[in-house]
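In what follows, a structure is listed as structure tokens, so that the remarks can point back to it.
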Amino acid sequence: MAGLAQLTKSSAIAMLAPVGVLLLTQIYHGRQQGWLRSFWNQTKVFVIWFAILIAAYFIFWPGMWVAPAKMLYQVYGNAFSYAFQGARLTVTEELDVSTFKLDSALAGIGTITKVLLYRITPLTWLGILFGFIFRFATSLNMSRTIKLINTALLITALAFIGLISIAQGRNSPHYILTSYLTLNIMAGLGWFYFGKWVIQRLSVKQLAWQFIPYVLVIILQISSALAYFPYYYTYRNPILYSLGWYDEYPQFPYCEGLEKAAEYLSQLPNAKEATAFAYYSRGCFSYFFVGNTTAFRPYYIDGHHTEDLLNYLTSADYLVVYYANQFQLPKYHPFLNILSSQQPIYEVWLNGYKYVQVYQVDTFPPEIFEALKDL
-1 MAGLAQLTKS SAIAMLAPVG VLLLTQIYHG RQQGWLRSFW NQTKVFVIWF AILIAAYFIF
59 WPGMWVAPAK MLYQVYGNAF SYAFQGARLT VTEELDVSTF KLDSALAGIG TITKVLLYRI
119 TPLTWLGILF GFIFRFATSL NMSRTIKLIN TALLITALAF IGLISIAQGR NSPHYILTSY
179 LTLNIMAGLG WFYFGKWVIQ RLSVKQLAWQ FIPYVLVIIL QISSALAYFP YYYTYRNPIL
239 YSLGWYDEYP QFPYCEGLEK AAEYLSQLPN AKEATAFAYY SRGCFSYFFV GNTTAFRPYY
299 IDGHHTEDLL NYLTSADYLV VYYANQFQLP KYHPFLNILS SQQPIYEVWL NGYKYVQVYQ
359 VDTFPPEIFE ALKDL
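Heads up, the sequence shown is in our numbering, so the first residue is -1 and it goes up one at a time.
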């Protein structure tokens, strides 16, 4: 499984952290037979595990049969290039670790932790807390195996948070999906032992009544997600939102809402002959729009590509602005300020946030195009 995980994403190297902790734990528990013998026994286990990982890596990736050095350089060279320089080797051209700064890595940990806290439910928070509390409750007889699983889950979550925090430019929520999974499993175990404690305290004997606390927690957890249908990943923690976190714009939008703009434009007259000039056009918009789509490239507003911007804009019927994302990036503010004098023909709002603005290009006065020339 570890080999397949590595083939899926190089960041799976973070799995070495929980494996290492488990081996150290096993060394400690086997100390009665002597520290050296215990260490040697677990070292053999690790070597066998690592050999299977490498074998799976070679067997299931044909590229390793042909040019293993090149494959490893591309995968891990790019991984380290991202970590230290924030871009692939094709962009940086070489690996220069001197550009890495520890203060930026520490700031990244704060950013990723904030992302994580905002996207998990208060029930998950409580479940994790219960897991820590009931770990030390002797009356519940939490087994050593469960304690080891909890430890491995926690270390896995922290390892991925730490790894992605160090990787510059990789601070989006999807890079720590493993952390969400492990923390929610921890929370589930915490709620299980909380329910067990409640059943003991209330001396509940009937089996049907014993299931009630678990069913209630599951219903509440599912309900919190259903409120964000159809995307679900737009979930925001209500406690942190009430404290002012991301109250002006969504945290890391993932193109949600663009399909609604595409569906609206597809219903307009002559939609099949129309052209939309759209931000995040490929897939998220183009798959839902019956007409033609051209992509709004980020560099069009850098001051050196205004000719490209105006050419694509004037040849389009509609301009689709992904406000949820572009509003958060200062480089787009001059562009958005120019458009602010015009009335969109359609807007998409989700969860109280403005996501998408659609403009009809032929309604723009000459002043708009003149202003865009000076971006």
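Note that beta-carbon positions come from the ideal geometry of N, C-alpha and C, so glycine has one too.
Backbone CA spacing between residue i and residue j [nearest angstrom]
{"i": "G61", "j": "M(-1)", "result": "19 Å"}
{"i": "T90", "j": "T361", "result": "A caution first: T90 carries a pLDDT of 45, below 50, which makes its placement in the model too unreliable to give a value."}
{"i": "L22", "j": "K145", "result": "14 Å"}
{"i": "I164", "j": "P342", "result": "40 Å"}
{"i": "T291", "j": "D315", "result": "10 Å"}
{"i": "L218", "j": "Y285", "result": "34 Å"}
{"i": "N39", "j": "T143", "result": "19 Å"}
{"i": "K42", "j": "H27", "result": "16 Å"}
{"i": "G32", "j": "G193", "result": "40 Å"}
{"i": "L238", "j": "Q198", "result": "33 Å"}
{"i": "Q208", "j": "I216", "result": "14 Å"}
{"i": "A53", "j": "W59", "result": "10 Å"}
{"i": "R133", "j": "I25", "result": "21 Å"}
{"i": "P16", "j": "K112", "result": "23 Å"}
{"i": "A12", "j": "D306", "result": "43 Å"}
{"i": "E368", "j": "I57", "result": "59 Å"}
{"i": "Y310", "j": "N349", "result": "32 Å"}
Integer-rounded CB distance, given that residue j should sit under 8 Å from residue i
{"i": "I183", "j": "L114", "result": "Between L114 and I183 the Cβ distance is about 15 Å, and since that is not below 8 Å, they are no contact."}
{"i": "L181", "j": "I118", "result": "6 Å"}
{"i": "A272", "j": "G255", "result": "Contact doesn't hold; Cβ gap of about 19 Å is too wide."}
{"i": "F128", "j": "Y191", "result": "6 Å"}
{"i": "F287", "j": "A260", "result": "4 Å"}
{"i": "Y231", "j": "Y252", "result": "6 Å"}
{"i": "Y244", "j": "Y74", "result": "Not quite, the Cβ-Cβ distance comes to about 34 Å (not below 8 Å), so this is no contact."}
{"i": "L138", "j": "W195", "result": "6 Å"}
{"i": "T304", "j": "L370", "result": "6 Å"}
{"i": "E246", "j": "C282", "result": "Actually they are not in contact, since the Cβ atoms of E246 and C282 sit about 23 Å apart, beyond 8 Å."}
Enclosing beta strand (DSSP E) for residue i [first to last residue]
{"i": "F275", "result": "T273 to A276"}
{"i": "Q378", "result": "Outside the shown range of the chain, which is -1 to 373, sits residue 378, and nothing can be said about it."}
{"i": "Y316", "result": "Y316 to V319"}
{"i": "W374", "result": "The structure shown does not extend to residue 374, since the chain spans only -1 to 373, so no value can be given for it."}
{"i": "K352", "result": "Y351 to Q358"}
{"i": "A293", "result": "N290 to A293"}
Residue j beta carbon less than 7 Å from that of residue i
{"i": "L51", "j": "G1", "result": "yes"}
{"i": "Y55", "j": "Q4", "result": "yes"}
{"i": "Y351", "j": "P248", "result": "yes"}
{"i": "G275", "j": "F294", "result": "The residue you asked about is not Gly; residue 275 is Phe in the sequence shown. Result yes, Cβ atoms of F275 and F294 sit closer than 7 Å."}
Range of the contiguous alpha helix (DSSP H) that encloses residue i
{"i": "T176", "result": "L175 to L200"}
{"i": "N335", "result": "H331 to L337"}
{"i": "W123", "result": "P120 to F132"}
{"i": "W63", "result": "G61 to V64"}
{"i": "L5", "result": "A0 to T6"}
{"i": "Y26", "result": "L14 to H27"}
Checklist entry - Does the region 60 to 73 come close enough to the region 115 to 127 that 3 or more CB-CB pairs lie under 8 Å? => result Segments in contact, no.
Checklist entry - Just checking, does the region 316 to 323 make contact with the region 349 to 369 on the three C-beta pairs under 8 Å criterion? => result The region 316 to 323 vs the region 349 to 369: in contact.
Next on the checklist: Would the region 220 to 233 count as touching the region 148 to 162 if we require 3 or more Cβ pairs under 8 Å?
Outcome noted: Short answer: they don't touch.
Item to check | Three CB pairs or more closer than 8 Å across the region 259 to 266 and the region 180 to 198 | outcome: When Cβ pairs closer than 8 Å are counted between the two stretches, the region 259 to 266 is seen not to touch the region 180 to 198, the count staying below three.
Checklist entry - Do the region 208 to 220 and the region 142 to 156 make contact, defined as three or more Cβ pairs closer than 8 Å? => result When Cβ pairs closer than 8 Å are counted between the two stretches, the region 208 to 220 is seen not to touch the region 142 to 156, the count staying below three.
Checklist entry - Are the region 327 to 337 and the region 296 to 309 touching, with three or more C-beta to C-beta distances below 8 Å? => result Taking a cut-off of 8 Å on C-beta distances, the region 327 to 337 touches the region 296 to 309, as three or more cross pairs fall below it.
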